[in-house]
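Number of protein chains: 2
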Amino acid sequence: MLGLLSQIGPTNGNALSRSADVLIGDFWTLTRSQVYRELQTLEDLGYVKAGPAGARSSRDFSITDKGAAALKEWLTAGPADEVIRMPILLTIRFGAGLAPARMREILTAFSRRHQAKREFYGELEADMRSTRNDPYEIATVRFGRLFEAAVAEWLLELPELLPTVFNERSAEE
Amino acid sequence: MLGLLSQIGPTNGNALSRSADVLIGDFWTLTRSQVYRELQTLEDLGYVKAGPAGARSSRDFSITDKGAAALKEWLTAGPADEVIRMPILLTIRFGAGLAPARMREILTAFSRRHQAKREFYGELEADMRSTRNDPYEIATVRFGRLFEAAVAEWLLELPELLPTVFNERSAEE
DNA sequence: TCCTTGACTATCCACAGTGGACAGTGTACC
DNA sequence: GGTACACTGTCCACTGTGGATAGTCAAGGA
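Protein chains in written order, with the numbering used here: chain A, 1 to 173; chain B, 174 to 346.
Structure below.
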């Protein structure tokens, strides 16, 4: 949130939440509940300060010098380990009891979703290059594309890995 | 948890938590706190039932027919969307204010960690093939390998994407 | 045989993250 | 002037995280 505030300037909680979706939504999540709770904490710590209340009692928060220092310190400390949480892998891992036809349906839907995402990342990167052309931003999207490429490759390998799912010729087809 | 119980049979909470680490730890997390809380819920729902209390007041839980039905229903419903949460991408995204030398250190550490993980997945898959040879299990590990390959490829592209980080010749080197 | 040590098992707590409901308040448009 | 809708903030119940704690058993040494 400090990083976001430092880039987009004074913003109210709702707008901050929307900005988070756009700017880091591809690799991080930030719900509104969380934004408001955290803004309160950050204000108590002196990392952000609020301007006067505006329409609908909204307050625009901006990052303070103290907050900027905290942000830099946090960046310097380096990232935590990531946790990949892939529900589809649970379905696969415990999927021996699932009807092959249903498993194929699930994988097809999964494939479609990720194909779309992959194309989206491609367009997004092109857009970014032709507008702000911020290398840091582009680097994150590039990761998204490579991730989706890995997903696509995995899907191509699956029929070979799971012959019982893909070779079955059931009456239901 | 129902999936785990159906595969490993009657287990107490602690052992279930350890099994989760081994069996699905590469793509899901399950803390002990969570296991005990959830076991309680599952017992209330009639999805698991506990045997008599053993040593250290431990109880071995096993899945009931009702639980097995719930598991199958859950599998059939299909997986939720995944959320990738990559702290390293936050560091990159807001990393313009970070000293290039420090950024390179961070990326080097990240690279080492993932190189190790990639090798680990390779060995794990070989192990699996030579022991249980369960295709569903192997399919999940294969995803891990492809994910790590994507990470590696991204790291190779980064110097080109972030010239300001990698081309700087600072006195500190 | 008794004691010590360490592992095992369960519980608890504070906090972060999630997703949705809700209510008050502007604004734009009819 | 009125109405519908979007905006903003608040709240709640639940899930997930990480670490602390305490009781209990087992193994091995004195």
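Each residue gets a CB set at the ideal place from its N, CA and C atoms; glycine is no exception.
- Within its own chain, no residue has a Cβ closer than 7 Å to the Cβ of Arg-102/A once the five positions on either side in sequence are excluded.
- Taking each of Gly-95/A, Arg-132/A, Ala-53/A in turn and checking the Cα distance to Glu-246/B, the smallest one comes out for Gly-95/A.
- For Thr-64/A, the CB contacts under 7 Å within the same chain, skipping 5 residues up- and downstream, are Gly-46, Tyr-47, Val-48, Lys-49 in chain order.
- Residue state for Thr-76/A is assigned as helix, using DSSP reduced to three classes.
- Taking C-alpha positions only, Val-208/B is separated from Leu-2/A by approximately 34 Å.
- In the structure shown, the three-state DSSP call for Asp-60/A is strand.
- For a cut-off of 8 Å, the C-beta gap from Tyr-309/B to Arg-32/A is around 38 Å, too long to register as a contact.
- CA-to-CA, the gap between Arg-104/A and Phe-166/A works out to about 7 Å.
- Short of 6 Å from the beta carbon of Pro-159/A, and not among the five residues preceding or following it, lie these beta carbons of its own chain, in chain order: Phe-166.
- Taking Lys-66/A as the centre and dropping the five residues before and after it, the same chain places the C-beta of Gly-46, Tyr-47 closer than 7 Å to its C-beta, in chain order.
- Residues of chain B whose Cβ lies closer than 8 Å to the Cβ of Leu-30/A do not exist, since the nearest Cβ in that chain is about 11 Å away.
- Nearest to Thr-214/B by C-alpha distance, out of Ile-197/B, Ser-230/B, Ala-282/B, Phe-234/B, is Phe-234/B.
- Here Lys-290/B is not bridged, per DSSP, to any residue.
- In its chain, beyond the 5 residues on either side, Pro-10, Arg-59, Asp-60, Phe-61, Ser-62 have a beta carbon closer than 8 Å to the beta carbon of Gly-51/A.
- Straight through space, the alpha carbons of Ala-109/A and Leu-212/B are spaced by roughly 31 Å.
- Taking 8 Å as the CB threshold, Lys-66/A stays off the interface with chain B.
- DSSP places Thr-31/A outside both helix and strand once states are collapsed to three, so it counts as coil.
- Between Tyr-121/A and Val-141/A, the C-beta spacing is below 8 Å.
- In the three-state scheme derived from DSSP, where H, G and I count as helix and E and B as strand, Ala-50/A is classed as strand.
- Under the three-state reduction of DSSP output, Thr-131/A falls in the coil class, being neither helix nor strand.
- The shortest C-alpha to C-alpha distance from Gly-144/A to any of His-114/A, Leu-5/A, Gln-7/A is the one to His-114/A.
- The secondary-structure analysis by DSSP pairs Val-83/A across a beta bridge with Arg-258/B.
- Looking at the DSSP output, Thr-140/A shares a beta bridge with no other residue.
- For Phe-293/B, the closest Cβ of chain A is not nearer than 8 Å.
- Cβ atoms of Leu-177/B and Ala-188/B stay farther apart than 8 Å, at about 10 Å.
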